[in-house]
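Data block below; observations after.
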Amino acid sequence: MTATLEAPETKAGAIPSFEVTLRVRRYNPESEHGEESFWDEYTVTAHGTDRVLDALHKIKWEHDGSLTFRRSCAHGVCGSDAMRINGRNRLACKTLLKDVNPDKPITVEPIKGLPVVKDLVVDMEPFFASYREIMPFLITNGNEPTKERIQSPEDRARFDDTTKCILCAACTSSCPVFWTDGQYFGPAAIVNAHRFIFDSRDEGAQQRLEILNDKEGVWRCRTTFNCTEACPRGIEVTKAIQEVKRAMITRAF
Amino acid sequence: MAYGTSAVAKVDAPRSPYVRRRTTRGNYELYSWVFMRASGVVLIVLIFGHLFVNLMVGEGVHAIDFGFVAGKWANPLWQVWDLLMLWLAMIHGTNGVRTIINDYAQKDLTRGVLKSLLYLAFVIVVVLGTLVIFTFDPCPVNAPEHLIASFCPAR
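Protein sequence lines, in the order shown, are assigned to chains A and B.
Residue numbers for the first sequence follow the numbering used here, beginning at 304 and rising by one.
Residue numbers for the second sequence follow the numbering used here, beginning at 27 and rising by one.
See the structure below:
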């Protein structure tokens with residue numbers, strides 16, 4: 304038996320805790336506020352290891368059950384809980400409270416540019432519509448091989464960065480061009496097109512380039528790098544968009 | 027039922043504009059993007075060449091007067107130089123403002139009005155400028171004497 308087991312039991316309370324205030328932008332057309340969105344402030348006790356999502360859970364479970372937000376895996380993989388925290392798009396489940404200055408109220412808003420359904424939940428349909436348009440699936444010609452489609456490590460590395468996308472919409476909803484009218488394809492769709500355009504096994508690159516050559520395609524990108532900064536997966540989004548542009552130019556000339 | 031289906035879209039108006047419009051596909055935006063880069067590089071040479079010749083060479087800025095400009099436009103090189111500068115700068119600038127209007131105008135009507143004004147301004151400046159470069163005559167015949175420059179033979 305080791306000494307640690309005989310030591311007094313460590314409680315969660317032993318970890319230093321602090322009070323943190325969250326300013327949450329809420330919207331509920333069925334409430335007395337109607338079509339107006341409004342701010343609610345909640346003060347909860349949090350620990351240094353807590354993320355913004357933990358604080359939101361605490362609010363929903365202990366303070367106000369009507370607060371609505373999306374989350375599924377809660378570990379930065381499913382891409383459900385992208386929101387605007389202190390003015391920047393982040394995943395609530397990957398943002399530690401201590402990293403967003405808990406001394407001041409932390410603002411939490413739904414991601415911009417997509418219609419809000421309720422509180423922090425937005426309608427992702429326009430986002431997925433442009434994702435579907437770039438045909439995010441393998442396109443090939445000829446007979447199916449009897450074995451797997453072989454690819455060299457170098458060919459795989461060519462598009463490795465863009466395979467990391469979790470479709471959380473943090474990039475698309477951080478793009479000022481997308482905010483205007485939502486007609487722009489958006490960084491996420493282009494990133495996922497990039498993933499197939501530069502895949503040596505795929506043969507649909509011409510079709511995808513043709514789609515993104517649209518008036519609302521890659522040429523609306525103003526290289527503001529908001530998407531690269533917002534991406535919780537660290538994908539170099541703007542670089543991927545530039546590579547698609549280059550592929551189009553070399554195709555045209 | 028999933029969000030964004032027609033049943034939900036009917037509930038309220040804010041969701042309706044989010045239908046992606048089909049647009050005609052062409053290489054127009056590609057060429058305009060490439061043109062912006064190419065014309066930008068050419069304009070750097072043209073504008074700094076223009077500034078150097080006008081402001082630094084010889085007496086520099088003090089030499090600029092009616093006669094100086096008239097002398098420059100008597101030379102075909104400067105005619106072509108200024109014409110290129112006018113056209114490239116106007117197309118480059120108009121295209122730039124066009125993309126800004128596309129980025130910031132939220133309604134089709136606003137966008138249409140702003141772009142029409144832009145194209146109108148473009149046409150006026152380019153036509154007028156081109157006309158001046160090619161038809162410029164420092165010593166017009168039959169002009170009233172007080173309007174004729176001092177270096178003209180008629181004076």
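C-beta: ideal position from N, C-alpha, C; glycine also.
Helix, strand or coil: how does DSSP classify residue i here?
i, result
"A/Glu428", "helix"
"A/Lys273", "Residue 273 of chain A lies beyond the stretch modelled for chain A, which goes from 304 to 556, so this question has no answer here."
"A/Val323", "strand"
"A/Val411", "strand"
"B/Arg137", "helix"
"A/Ala459", "First, the amino acid is wrong: residue 459 of chain A is Arg here, not Ala. A/Arg459: helix per DSSP, three-state reduction."
"A/Arg511", "helix"
"A/Ile552", "helix"
"A/Arg536", "coil"
"B/Leu173", "helix"
"A/Leu399", "strand"
"B/Leu77", "helix"
"B/Ala35", "At B/Ala35, the pLDDT of 41 sits below 50, so the modelled position is not reliable; the number obtained from the coordinates is stated separately. Note: B/Ala35 maps to helix in three-state DSSP."
"A/Leu441", "coil"
"A/Arg435", "helix"
"A/Arg393", "strand"
"A/Phe328", "The question names Phe, but residue 328 of chain A in the sequence shown is Arg. If DSSP states are grouped into helix, strand and coil, A/Arg328 belongs with the strands."
"A/Thr527", "coil"
"B/Gly52", "coil"
"B/Tyr29", "Because the pLDDT at B/Tyr29 is just 46, under 50, the model does not fix this residue reliably, and the value given afterwards should be weighed accordingly. Three-state result, B/Tyr29: coil."
"A/Ile318", "coil"
"B/Val152", "helix"
"B/Phe160", "helix"
"A/Glu447", "coil"
"B/Met184", "What the structure shows of chain B is the stretch from 27 to 181, and residue 184 of chain B is not part of that stretch, so it cannot be assessed."
"A/Ile453", "coil"
In terms of alpha-carbon separation, which member of the options lies closest to residue i?
i, options, result
"A/Leu370", "A/Gly379, A/Arg354, A/Ser340, A/Asn389", "A/Ser340"
"A/Gly368", "A/Cys376, A/Arg374, A/Leu359", "A/Leu359"
"A/Asp517", "A/Lys415, A/Glu436, A/Phe321", "A/Glu436"
"A/Asn446", "A/Arg374, A/Ala496, A/Arg391, A/Glu506", "A/Glu506"
"B/Ala175", "B/Val158, B/Asp91, B/Phe160, B/Val67", "B/Asp91"
"B/Gly119", "B/Gln105, B/Val149, B/Ala131, B/Trp104", "B/Val149"
"A/Val586", "A/Gln545, A/His350, A/Glu333, A/Glu539", "Because chain A in this structure spans residues 304 to 556, residue 586 of chain A falls outside the shown range and cannot be described."
"A/Cys471", "A/Leu441, A/Cys534, A/Asp353, A/Pro429", "A/Cys534"
"A/Gly520", "A/Gly537, A/Leu417, A/Gln545, A/Ile469", "A/Gln545"
"A/Val540", "A/Glu333, A/Pro332, A/Ile469", "A/Ile469"
"A/Ala555", "A/Asp357, A/Leu512, A/Arg525", "A/Leu512"
"B/Cys178", "B/Gly52, B/Gly66, B/Gly93, B/Val158", "B/Gly93"
"A/Val547", "A/Ser334, A/Pro456, A/Leu515", "A/Leu515"
"A/Thr443", "A/Trp364, A/Glu428, A/Ala508, A/Pro319", "A/Ala508"
Short of 6 Å in beta carbon distance, which residues of its chain neighbour residue i, apart from the five on each side in sequence? Order them along the chain.
i, result
"A/Arg329", "Phe341, Asp343, Asp422"
"A/Thr305", "Confidence in A/Thr305 is poor, its pLDDT being 49 and thus under 50, which makes the residue's placement unreliable; the coordinate value appears in the next sentence. Once the five neighbours on either side are set aside, A/Thr305 has no close Cβ partner at all."
"B/Pro102", "none"
"B/Glu171", "none"
"B/Arg112", "Note on residue identity: the sequence assigns Leu, not Arg, to residue 112 of chain B. The answer, listed in chain order, is Gly155."
"A/Ala543", "Thr465, Val494, His497"
"B/Val123", "Leu144"
"A/Lys401", "Gly351"
"A/His366", "Tyr345"
Enumerate in chain order the residues of its own chain whose CB-to-CB distance from residue i is below 7 Å, with the five nearest sequence positions on each side excluded.
i, result
"A/Ser433", "Phe488, Gly489, Ala492"
"A/Ser375", "Cys381, Ser383"
"B/Asn168", "none"
"B/Leu81", "Val87"
"A/Asp458", "Ser503"
"B/Gly66", "His118"
Near residue i, what residues of its chain come up, given a Cβ to Cβ distance below 8 Å and the 5 sequence neighbours on each side ignored?
i, result
"A/Asn389", "Val403, Asn404, Ile409, Thr410"
"B/Val68", "Leu110, Leu114"
"A/Val419", "Tyr330, Ser340, Pro413, Val425, Asp426"
"A/Pro439", "Asn495, Ala496, Arg498, Phe499"
"B/Asn121", "Ser58, Phe61, Met62"
- Pair every Cβ in the region 453-468 of chain A with every Cβ in the region 500-508 of chain A, then say whether three or more of these pairs are closer than 8 Å. yes
- Task: Pick out the complete beta strand (DSSP E) segments inside the region 335-391 of chain A, 3 residues or longer, and give them in chain order.
- Result: 341-350, 385-388
- Task: Could you say if the region 444-453 of chain A and the region 473-486 of chain A meet the contact criterion of at least three C-beta pairs nearer than 8 Å?
- Result: no
- Message: Any contact between the region 395-413 of chain A and the region 376-384 of chain A? By contact I mean 3 or more CB pairs, one from each, below 8 Å.
- Response: yes
- Message: Tell me whether the region 83-103 of chain B and the region 153-164 of chain B touch, counting them as touching only if at least three CB pairs, one residue from each stretch, are closer than 8 Å.
- Response: yes
- In chain order, which continuous runs of the alpha helix (DSSP H) of length 4 or greater are located wholly inside the region 462-508 of chain A? 479-484, 490-500
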